[in-house]
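Single-structure report; data block below.
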Amino acid sequence: MVENMNKLFEKELLDELNNGDTTLVIRCDEKVIKSNHKGISPLIELNEKNLNLEGACAYDKIVGKAAALLYARLNIKYVYAEVLSKRGMDTLDNYGVEYDYSVFTDEIINRLKTGMCPMEETVLDVKNPEEAYEKLKKKIIEMKNNK
């Protein structure tokens with residue numbers, strides 16, 4: 193009975209991710225966190241709040257290495273990605289995060305489709321979630337200042 197309720201709840205969260213402008217849904221116990229912001233900004237915000245999300249399940253549009261490192265820092269136990277990159281998958285594997293995905297890709301590209309996502313480039317050689325978090329925060333500030 194409980195397993196059926198969990199599957200129904202997961203289906204509701206996936207439906208929410210697939211319909212409308214929701215880009216991220218995280219379930220931690222009975223609490224649900226939603227975002228409609230693009231990119232990794234919702235994950236940066238969650239990391240800044242130092243929330244205890246250990247054991248939570250995340251449903252995300254796009255997961256590359258940058259997002260995977262942030263999920264590892266948040267102690268998320270499961271990630272569903274509509275799109276998952278090779279580096280994202282390797283990172284989730286390295287940190288013991290369970291995952292599923294709909295589409296697998298070699299790499300996450302930027303919004304202009306002209307090359308690799310700048311967040312992915314920022315953490316290309318990073319393995320530590322704490323270091324990734326610091327570098328990604330700096331990159332986001334740098335990109336905002338260059339607009």
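Here the sequence shown stands for residues 193 to 339, where the numbers follow the numbering used here. Where a beta carbon is used, it is the ideal one built from N, C-alpha and C, also for glycine. The structure displayed is predicted, hence computed values, not measured ones.
Euclidean distance between Cα positions of residue i and residue j
{"i": "residue 197", "j": "residue 272", "result": "Only weak support exists for where residue 197 lies, its pLDDT of 37 falling under 50; the value from the coordinates is given anyway. Looking at the two C-alpha atoms, the distance is approximately 18 Å."}
{"i": "residue 220", "j": "residue 235", "result": "14 Å"}
{"i": "residue 229", "j": "residue 250", "result": "15 Å"}
{"i": "residue 312", "j": "residue 222", "result": "32 Å"}
{"i": "residue 329", "j": "residue 281", "result": "22 Å"}
{"i": "residue 202", "j": "residue 218", "result": "10 Å"}
{"i": "residue 237", "j": "residue 297", "result": "26 Å"}
{"i": "residue 210", "j": "residue 323", "result": "31 Å"}
{"i": "residue 315", "j": "residue 204", "result": "32 Å"}
{"i": "residue 333", "j": "residue 304", "result": "19 Å"}
{"i": "residue 254", "j": "residue 339", "result": "23 Å"}
{"i": "residue 214", "j": "residue 289", "result": "22 Å"}
{"i": "residue 200", "j": "residue 320", "result": "Only weak support is given to the placement of residue 200: the predicted model assigns it a pLDDT of 48, under 50, and the question is left unresolved by the model."}
{"i": "residue 286", "j": "residue 294", "result": "20 Å"}
{"i": "residue 224", "j": "residue 337", "result": "32 Å"}
{"i": "residue 206", "j": "residue 326", "result": "30 Å"}
{"i": "residue 352", "j": "residue 247", "result": "Residue 352 lies beyond the stretch modelled for the chain, which goes from 193 to 339, so this question has no answer here."}
{"i": "residue 270", "j": "residue 208", "result": "17 Å"}
{"i": "residue 335", "j": "residue 309", "result": "12 Å"}
For residue i, the first and last residue of its enclosing alpha helix (DSSP H)
{"i": "residue 258", "result": "257-265"}
{"i": "residue 225", "result": "Segment 223-227 is the beta strand (DSSP E) holding residue 225; no alpha helix (DSSP H) there."}
{"i": "residue 140", "result": "There is no way to answer for residue 140, as the model of the chain reaches only from 193 to 339."}
Limits of the beta strand (DSSP E) - the one that residue i falls within
{"i": "residue 216", "result": "216-220"}
Supposed close pair residue i, residue j - CB separation, criterion 8 Å
{"i": "residue 245", "j": "residue 260", "result": "Contact flag wrong, Cβ pair sits at about 15 Å."}
{"i": "residue 277", "j": "residue 256", "result": "4 Å"}
{"i": "residue 227", "j": "residue 243", "result": "Not really, about 13 Å apart at Cβ, beyond 8 Å."}
{"i": "residue 264", "j": "residue 232", "result": "Contact doesn't hold; Cβ gap of about 13 Å is too wide."}
Test: residue i CB closer than 8 Å to a CB of chain D
{"i": "residue 308", "result": "Annotation note: the requested chain D is absent from the structure, which comprises a single protein chain."}
Any beta strand (DSSP E) of 3 or more consecutive residues that is wholly inside the region 277-339: 290-297
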